[in-house]
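Structure, as structure tokens:
Residue numbers (mature numbering (1 follows the signal peptide of the UniProt record, and there is no 0)): -21 to -1, 1 to 224.
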């Protein structure tokens, strides 16, 4: 809990003397003269990144530093560990709820704008797609195994996965991927190239996926359907690609 004590002290005074990115220059920057200084700074940077990921918009850096000094010096602090825990959790929960609301609104706004574009079709589930190249082959079923080339992007255009970059297509059972892929690929004939827009409800939802796909992300996939194998045609199947699951 001593590690959490440092966080709690900063959180306690978040509404007074807040230090944001715009005010960072007002905080005296330390001179890293030796290894111990570098270690201390590294710890601070790590804690700050963790706090930022929770959605906190700023923190009183002076109070934060004072809490660290008080704990290491064995001085009394204003609250016990139970109070620390309650303070931390209530503050982080409120910040997370605010951040989640903003992210959901941004994703929904993107899908609404995108759906209004010419050439984009929206299905009953909210999935959107546009045909980049038509195909002439059969369409896969949910129990089939598909081979595809694909590129996955966030709504801001950041690429998080690409079979093109790996230099080889991906093969996986269609029933083992996210709902947006299951629906979108069943619309595609073999040989087609579709651009599929997946709302967060049909993607990775409130959890996201690893470091690359944040919670509540609308996703864009360029997908080329190369081939389809029915269950009785499949002997050895490669594992589904990580980001397309």
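Even glycine gets a Cβ: it sits at the ideal position worked out from N, Cα and C.
- Rounded to whole angstroms, residue 145 and residue 176 show a C-alpha spacing of 22 Å.
- Counting C-beta pairs closer than 8 Å gives three or more between the segment 118 to 137 and the segment 198 to 212, which meets the contact rule.
- Listed as beta-bridge partners of residue 140 by DSSP are 131.
- Exclusion of the five residues before and after residue 111 leaves 172, 174 as the residues of its chain whose Cβ lies within less than 6 Å of its Cβ.
- A direct Cα-to-Cα measurement between residue 26 and residue 43 gives close to 11 Å.
- Bridge pairing for residue 195: absent [DSSP].
- Rounded to the nearest whole angstrom, the C-alpha separation of residue 10 and residue 163 is 55 Å.
- Per the C-alpha coordinates, the member of 108, 19, 31, 103 positioned closest to residue 96 is 108.
- Between residue 158 and the set 181, 167, 139, the nearest pair of CA atoms involves 181.
- Look at residue 123 here: in three-state DSSP terms it is coil, with no helix or strand label.
- In this chain, the alpha helix (DSSP H) harbouring residue 75 covers 60 to 94.
- Here the C-alpha atom of residue 56 lies approximately 57 Å from the C-alpha atom of residue 102.
- With a 10 Å radius around the Cβ and a threshold of 16 neighbouring Cβ atoms, residue 151 comes out buried.
- Residue 160 has its alpha-carbon roughly 13 Å from the corresponding atom of residue 118.
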